[in-house]
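Just so you know, the protein sequences line up as chains A and B, in that order. Position one of the first sequence corresponds to residue 1 (my numbering), numbered consecutively onward. Position one of the second sequence corresponds to residue 1001 (my numbering), numbered consecutively onward. Cβ coordinates follow ideal geometry from the N, Cα and C atoms, glycine included. Encoded as structure tokens, the structure appears first; notes follow it.
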Amino acid sequence: MPIRTDFSATVEHISILDEHGVLDEQLAKDTLTDEQVLELFQYMCKCRALDETAFKLQRSGRMGTYPQNKGQEAAAIGSAFAAKRGVDWLVPCYRENAALWMHGLPMHYVLLHWMGDERGNQIPQGVNITPLCIPIGTQMLHATGISWAMKLRGIPGVAITYFGDGATSEGDFHEAMNFASVQQTPTIFFCQNNEWAISVPRERQMWSSTVAQKAIAYGMPCVRVDGNDLFAVYKASRDAIERARAGGGPSFIEAVTYRLADHTTADDARRYRDPVEVEAWVGKDPIIRLRKYLVSKGLWDDAKQAELDEAGKAMVSEVVRAAEGIAKPAVSDIFDYTYATIPPELEVQRRTMRTHSLGQSPEQVGLAGR
Amino acid sequence: MREVQYREAVAEAMREEMLRDESVFLMGEEVAEYNGAYKASKGLLDEFGPRRVIDTPIAELGFSAIGVGAAMNGLRPIVEFMTWNFAILAADQIINHAAKMLQMSGGQYNVPIVFRGPNGTAGQLAATHSQSFESMYASIPGLKVVTPFTPYEAKGLLKAAIRDNDPVLVMESEKMYGDKGLIPDGEYLVPIGKANIRRTGTDCTIVSFGKILKTVHAAADALAAEGIEVEVIDLVTIRPLDLDTIVESIKKTNRLVIVEESFPVASISSEIAYRVQRHAFDYLDAPIRRLCQSDTPFAFATSLIDAALPQTGDIVQAVKDVAYVA
Ligand SMILES: Cc1ncc(C[n+]2csc(CCOP(=O)(O)OP(=O)(O)O)c2C)c(N)n1
Ligand SMILES: [Mg+2]
């Protein structure tokens, strides 16, 4: 018997807007209108401004640890723009602020969260977003479940879940990918491959040359895109979402991008990253190339940029004011959100406001009145 | 009333709730085609089809989490584990996600999910397959934990668990699925959070739960033959704990023995002993005694299995000790 090939695969890489701001007109056809590009560009700039302010707030002690998004704005916004607000779900980790904003989350929520307030995750009714997820990789499974529920209930929605390159080493990732393809759930696995998991470079996290090819093992359509290219990210996301909505099951998108800042404000990436590598990626900044493109098309100029910068500043200070202006949470909150229906022993603790040592006082067992 | 097996009671509960509520469904390893590793989902695939009775890949963490996601988006999953010993792989999702999603979303997303399956020792299954997890999960705020002992509770509690808006963990036993018992013909629920006085008596209170209650009952009979009447309280729900029923009983008997099929350290018996001394110290005429399984990985050899678990004679002796009877 001859040896034959039972399976072989390739991974496509889409790039539409290059780092010099030059657009591939052919591939860009039927993607974003000028108007949309202008709108999304402004979102990206404002998010960058907010990111920088958040960093400063942390440094001045007004906020806890914060993971900067800098450099990953196109990946976040291009994908979220392809989703339908109020129908589709966004299931984030922690590095896609622009996506959350795009999908309807007021931006002061994000700051509130990183200021250490649970209410930053109290997602407003009608906004289909789950709380930021700090345990790495766990949310991909929730997204699979959420999208599966939509499929079972006959709701024409999809769920996009965000995660990093590092998260694809977790078992959760593989279990989610497998289940999603077996059940053909409308799930978009959106990997922001920013080349680093804290201080561990991609080559030391996986031996495969792309992240996307991991999807091939699950029979799932996959694609790589230039994650700093708004057009490519949007196109891949839109195609995946359309396919999922039409019953075509899950997809995997690897957005190749780069974390321009530290992992979080608790990190100093200079200790483990080569400045030459960082410099090269600064040159591929998603915002700079988009601006070059808009300028070249006569859609943008310095005056408009100055105006946008002003608007960004105003928006950021409004967001900070909103986040800092919220009254402190009530102690009762810690009891009220532990169970949907509060059990008697917790009810007594709530009433007596004894937050520690269950059972310390007689009234806590309901025996006092007897 | 009619007689059913424990496994039939479990299946009936799921069937009735699936008929009553479109959003209820069952998922797990071997639950569909095979009718469940212990046949507790018999007939459900035939009746409800593969959309609502789902054989999952072998991925406890994964399907538990997918259940959590589905529960956050309008469904009421029942997740069956082949055993709670394998559910350790899913502990992250139960402890860190199902239990905390409501809190961490500021009350936005509750997780109405049931995790169920056999728990505890079941003969020669060896150490990795012979553990009880009530105390581990009962220590987690946000979870509810129940251990139905008879078919009556197996059905009524499971139905209550499915309707509950919080995550409920149902601890069954390989050794109880074949047990028979009477259940009402019509619909009924057993409320979560209420202990059950299985036997009344005046001389000593025995608190216990789950399969080991069989041994407790045998001990109670033996003691009765000697003129010692014990009151047997089945906790039924482990969290939230019905302490009132325990304390009221101790006011009458002034003595307490706790019998638990689990490791002794940081167990349900430790917790009860603390709370009882805090709330009924003045009613106690003797120090509290407890009997647990040996503080070692569970044995494999039949000869060692009995030595590792409290036996009838041990319970009889403990009661006599606290009653100061020779
Ligand atoms: C389960 C788990 N393990 C470890 C961590 C600690 N941790 C936080 S972020 C991180 C790196 C994640 O890298 P990646 O998935 O690439 O996301 P990125 O931060 O680069 O966006 C690690 C290991 C965690 N939060 N959760
Ligand atoms: Mg990364």
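For residue i, which residues in chain A fall below 7 Å Cβ to Cβ?
{"i": "residue 1045 (chain B)", "result": "Simply none; closest approach about 16 Å."}
{"i": "residue 1142 (chain B)", "result": "338 and 339"}
{"i": "residue 1184 (chain B)", "result": "What residue 1184 (chain B) touches in chain A: nothing, since even the nearest Cβ is about 25 Å away."}
{"i": "residue 1290 (chain B)", "result": "None at all; the shortest Cβ gap to chain A is about 18 Å."}
{"i": "residue 1110 (chain B)", "result": "340"}
{"i": "residue 1051 (chain B)", "result": "152"}
Within 10 angstroms of the Cβ of residue i, are there 16 or more other Cβ atoms? Answer buried if so, exposed if not.
{"i": "residue 1162 (chain B)", "result": "buried"}
{"i": "residue 56 (chain A)", "result": "exposed"}
{"i": "residue 1008 (chain B)", "result": "buried"}
{"i": "residue 1236 (chain B)", "result": "buried"}
{"i": "residue 369 (chain A)", "result": "The predicted model places residue 369 (chain A) with a pLDDT of 36, which falls under 50 and marks its position as unreliable; any figure quoted below should be read in that light. By the neighbour-count rule (16 or more Cβ atoms within 10 Å), residue 369 (chain A) is not buried but exposed."}
{"i": "residue 365 (chain A)", "result": "Because residue 365 (chain A) sits at a pLDDT of 46, beneath the cut-off of 50, its placement in the model cannot be relied upon, and the following sentence gives the value as read from the coordinates. Burial call: buried."}
{"i": "residue 1 (chain A)", "result": "exposed"}
{"i": "residue 3 (chain A)", "result": "exposed"}
{"i": "residue 7 (chain A)", "result": "exposed"}
{"i": "residue 166 (chain A)", "result": "buried"}
{"i": "residue 250 (chain A)", "result": "buried"}
{"i": "residue 1253 (chain B)", "result": "buried"}
{"i": "residue 285 (chain A)", "result": "buried"}
{"i": "residue 59 (chain A)", "result": "exposed"}
{"i": "residue 301 (chain A)", "result": "exposed"}
{"i": "residue 1188 (chain B)", "result": "exposed"}
{"i": "residue 328 (chain A)", "result": "exposed"}
{"i": "residue 229 (chain A)", "result": "buried"}
{"i": "residue 1302 (chain B)", "result": "exposed"}
{"i": "residue 1208 (chain B)", "result": "buried"}
{"i": "residue 1186 (chain B)", "result": "exposed"}
{"i": "residue 1066 (chain B)", "result": "buried"}
{"i": "residue 316 (chain A)", "result": "buried"}
{"i": "residue 352 (chain A)", "result": "exposed"}
Using the beta-carbon of each residue, which ones in chain B are nearer than 7 Å to residue i?
{"i": "residue 336 (chain A)", "result": "1107"}
{"i": "residue 175 (chain A)", "result": "1059, 1061 and 1062"}
{"i": "residue 171 (chain A)", "result": "1061"}
{"i": "residue 182 (chain A)", "result": "1057"}
For the alpha helix (DSSP H) that residue i lies in, which residues bound it at each end?
{"i": "residue 1137 (chain B)", "result": "1134-1138"}
{"i": "residue 1249 (chain B)", "result": "1243-1253"}
{"i": "residue 371 (chain A)", "result": "The question about residue 371 (chain A) has no answer here: the residues shown for chain A are numbered 1 through 370."}
{"i": "residue 318 (chain A)", "result": "302-324"}
{"i": "residue 247 (chain A)", "result": "Counting along the chain, residue 247 (chain A) falls outside any alpha helix (DSSP H), and DSSP gives it neither H nor E."}
{"i": "residue 1308 (chain B)", "result": "1302-1308"}
{"i": "residue 46 (chain A)", "result": "34-59"}
{"i": "residue 110 (chain A)", "result": "107-114"}
{"i": "residue 335 (chain A)", "result": "333-336"}
{"i": "residue 398 (chain A)", "result": "No information on residue 398 (chain A) is available, as it lies outside the stretch 1 to 370 that chain A covers here."}
{"i": "residue 1182 (chain B)", "result": "Not the alpha helix (DSSP H): residue 1182 (chain B) falls in the beta strand (DSSP E), residues 1180-1183."}
{"i": "residue 1269 (chain B)", "result": "1268-1280"}
{"i": "residue 85 (chain A)", "result": "From DSSP, residue 85 (chain A) is part of no alpha helix (DSSP H); its letter is neither H nor E."}
Name the chain A residues that come within less than 9 Å of residue i, Cβ to Cβ?
{"i": "residue 1256 (chain B)", "result": "Result: empty, since nearest Cβ-Cβ is about 15 Å, beyond 9 Å."}
Note down, in chain order, every chain A residue with its Cβ under 8 Å from the Cβ of residue i.
{"i": "residue 1056 (chain B)", "result": "179"}
{"i": "residue 1241 (chain B)", "result": "345"}
For the beta strand (DSSP E) containing residue i, list its first residue and its last residue.
{"i": "residue 120 (chain A)", "result": "No beta strand (DSSP E) holds residue 120 (chain A); DSSP gives it neither H nor E."}
{"i": "residue 1232 (chain B)", "result": "1230-1234"}
{"i": "residue 1171 (chain B)", "result": "1168-1172"}
{"i": "residue 1054 (chain B)", "result": "1053-1055"}
{"i": "residue 1198 (chain B)", "result": "1196-1199"}
List the residues of chain B whose Cβ lies closer than 8 Å to the Cβ of residue i, in chain order.
{"i": "residue 200 (chain A)", "result": "The premise fails here: residue 200 (chain A) is roughly 21 Å from chain B at the closest Cβ pair, so nothing lies under 8 Å."}
Task: Members of the segment 1063-1084 of chain B that neighbour chain A once the beta carbon cut-off is set at 9 Å - done: Shown in chain order are the members of the segment 1063-1084 of chain B whose Cβ falls below 9 Å from a Cβ of chain A: 1063, 1064, 1065, 1066, 1067, 1068, 1069, 1070, 1071, 1072, 1073, 1074, 1075 and 1077.
TODO: Taking only beta carbons into account, state which residues of the segment 1092-1103 of chain B come closer than 8 Å to chain A, listed in chain order.
DONE: Those residues of the segment 1092-1103 of chain B placed with their C-beta closer than 8 Å to a C-beta in chain A are 1092, 1093, 1096, 1097, 1101, 1102 and 1103, ordered along the chain.
Task: Contact set, ligand 2 heavy atom to C-beta under 6 Å - done: This criterion selects A:164, A:165, A:166, A:194, A:196 and A:197.
- [ ] For the segment 1149-1166 of chain B, enumerate the residues whose C-beta is nearer than 9 Å to any C-beta of chain A, in chain order.
- [x] Of all residues in the segment 1149-1166 of chain B, those with a C-beta nearer than 9 Å to a C-beta of chain A are 1164, 1165 and 1166, reading in chain order.
- [ ] Using a Cβ-Cβ cut-off of less than 7 Å, give me the residues of the segment 102-129 of chain A that come near chain B, in sequence order.
- [x] Using a CB distance below 7 Å, the part of the segment 102-129 of chain A facing chain B consists of 118, 119, 121, 122 and 123, ordered along the chain.
Open item on the list: Using a Cβ-Cβ cutoff of 7 Å, what residues of the segment 132-156 of chain A are near chain B? List them in chain order.
Closed with: Close to chain B, meaning a Cβ-Cβ distance shorter than 7 Å, are the following residues of the segment 132-156 of chain A: 135, 138, 141, 142, 143, 144, 145, 146, 148, 149, 150, 152 and 153.
Task: Contact residues within the segment 324-348 of chain A, judged by C-beta distance below 9 Å to chain B - done: Using a CB distance below 9 Å, the part of the segment 324-348 of chain A facing chain B consists of 329, 333, 334, 336, 337, 338, 339, 340, 341, 343, 344, 345 and 346, ordered along the chain.
Task: Positions along the segment 1308-1321 of chain B whose CB lies within less than 9 Å of some CB in chain A - done: So nothing in the stretch comes that close.
- [ ] Could you list the residues in the segment 1193-1215 of chain B with a C-beta less than 7 Å from some C-beta on chain A, going in chain order?
- [x] If the cut-off is 7 Å between Cβ atoms, the segment 1193-1215 of chain B has 1193 near chain A.
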